[in-house]
Structure formats: C-alpha cells, structure tokens
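*Asks:* Residue numbers (mature numbering (1 follows the signal peptide of the UniProt record, and there is no 0)): -19 to -1, 1 to 150.
Every residue gets a Cβ at the ideal spot worked out from N, C-alpha and C, and that includes glycine.
Here the structure is a predicted model, which means the values were calculated and not measured.
Have a look at the structure that comes next, please.
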C-alpha cells in the first residue's frame, strides 16, 4: 500500500513540472507526444500546457495527440505490458484505444503477477533475515549471561571466607 501511495505522489509531483520553460521553446509537439507514449505515459498535454505557459508557449494539441497515438501503437504491446507490470508501476492513461488494450493489459497482468510474486519472496526473505538476526541476538545474550554467571559464582565463593568462618580457634 505504501508503495502505491509513493508512486502516486511521485507521479503527481512529476506531472506538475513536465517540462522546463526552455524545453517548451521550439518543441516538436508530435515528437513530444510520441516520446511520452513510448515512456508509458498517458496524455500529459495539460501538464505540458501549464509548464509551457510560463514561457508563453501554447502546445500544438493536434500534433501532440497524433504523436501520442503513433507512440502508443508502438508501446502498447504484450512484451511492453510485461515489462511495465514487472516494474511495479501502474498504467495511467496509456493504451486506452480499444485495439491496444488487450495485448498490453494481457502482458501487464503477467508482469504484475511476476512483480507481486517477487515482492512476496522479498518479504519472506526479509522476515527470515529478521528472524535470524533476532535468533542470533538472543543466542548472543544467552551466552553472555551464562558467561557472566560463571564468573559471579567464582567470585562469591572465595576460599578465604570459607576458611575464616570454619576455623574459630
């Protein structure tokens, strides 16, 4: 659950500043849409518009959308779905065209299952390591306490005290 929240927060923060004002100048918006799609991003036109407003640049909406559609056709494959699922990322607004959904999301489910299985194994390994560390710590304390007990016994029964109590002549 924490990972999902972190992913969502980081994606919201990155969406706030999608481009610097310098990047907005002279951008080929078709290429930008294509590039966003190849990175597995949904349509980020709103974020780009806000970011570029500071530079006085208005994105070419039609060019961006055409590029995004073309990039989506390349990105939205079964294989990329597997990779996306294995990364633990959650698809947001990508592969929304009906003809692109099935191959990508079929792959995504396979990749996501792999990701979840690996996460479960990592958790089990972590739990085992925790148990082992705890066991070692208990063993160390047990040995240390037993060792202290042996020395205490030697100091409490000194031969001089025994003789002086037994010999009162």
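Among 68, 86 and 9, whose alpha-carbon lies nearest the alpha-carbon of residue 95?
*Replies:* Stepping through the chain shown from its first residue, residue 95 is reached at position 114. Comparing Cα-Cα distances from residue 95 to each of 68, 86 and 9, the minimum goes to 68.
*Asks:* In the structure shown, what three-state DSSP assignment does residue 91 receive?
*Replies:* Your numbering for residue 91 matches position 110 in the chain shown. Residue 91: helix per DSSP, three-state reduction.
*Asks:* What number of angstroms, rounded off, separates the C-alpha of residue 114 from the C-alpha of residue 9?
*Replies:* Residue numbering aside, residue 114 sits at position 133 when the chain shown is read from its first letter. Residue numbering aside, residue 9 sits at position 28 when the chain shown is read from its first letter. Cα-Cα distance, rounded: 56 Å.
*Asks:* So, helix, strand or coil for residue 70, using DSSP?
*Replies:* Start at 1 with the first residue of the chain shown, and residue 70 comes out as number 89. Looking at residue 70 - three-state DSSP - the assignment turns out to be coil, as it is neither helix nor strand.
*Asks:* Could you have a look at residue 78 and say whether DSSP puts it in helix, strand or coil?
*Replies:* Numbered from 1 along the chain shown, position 97 holds the residue referred to as residue 78. Correct three-state label for residue 78: coil.
*Asks:* Can you tell me which of the three DSSP states residue 8 falls into?
*Replies:* In the chain shown, the residue the question calls residue 8 occupies position 27. Correct three-state label for residue 8: coil.
*Asks:* Can you tell me whether residue 22 is helix, strand or coil according to DSSP?
*Replies:* Against the chain shown, residue 22 aligns to sequence position 41. It is coil, neither helix nor strand.
*Asks:* Counting C-beta neighbours from all protein chains within 10 Å, is the total for residue 77 16 or more, i.e. buried, or is it exposed?
*Replies:* Your numbering for residue 77 matches position 96 in the chain shown. It is exposed - the Cβ of residue 77 has fewer than 16 other Cβ atoms within 10 Å.
*Asks:* By the 10 Å Cβ neighbour count, where 16 or more other Cβ atoms means buried, how is residue 151 classified, buried or exposed?
*Replies:* A question about residue 151 goes unanswered here, because the residues of the chain that appear run from -19 up to 150.
*Asks:* Check each candidate in 105, 91 and 57 and name the one with the smallest Cα separation from residue 79.
*Replies:* Here the question's residue 79 lines up with position 98 in the chain shown. Here the closest residue by C-alpha is 57.
*Asks:* How would you label residue -1, buried or exposed, when you count the other beta carbons within 10 angstroms and need 16 or more for buried?
*Replies:* Within the chain shown, numbered from 1, the residue matching residue -1 stands at position 19. Under this definition residue -1 is a buried residue.
*Asks:* What would DSSP say about residue 1, mapped onto helix, strand or coil?
*Replies:* Along the chain shown, read from residue 1 onward, the residue named residue 1 stands at position 20. The answer is coil: DSSP assigns residue 1 none of H, G, I, E or B.
*Asks:* Figure out for me which residue from 119, 97, 48 and 47 has the closest Cα to the Cα of residue 71.
*Replies:* Here residue 71 refers to the residue found at position 90 of the chain shown. Considering only alpha carbons, the answer is 97.
*Asks:* Determine the DSSP secondary structure at residue 38, reduced to helix, strand or coil.
*Replies:* One-based indexing of the chain shown puts residue 38 at position 57. Residue 38: coil per DSSP, three-state reduction.
*Asks:* When burial is assigned at 16 or more other CB atoms within 10 Å of the CB, is residue 29 buried or exposed?
*Replies:* Residue numbering aside, residue 29 sits at position 48 when the chain shown is read from its first letter. When all chains shown are included, residue 29 counts as buried.
*Asks:* Could you tell me whether the Cβ atoms of residue 65 and residue 48 are closer together than 9 Å?
*Replies:* Indexing the chain shown from 1 puts residue 65 at position 84. Indexing the chain shown from 1 puts residue 48 at position 67. No, the pair does not count as a contact, with Cβ atoms beyond the cut-off.
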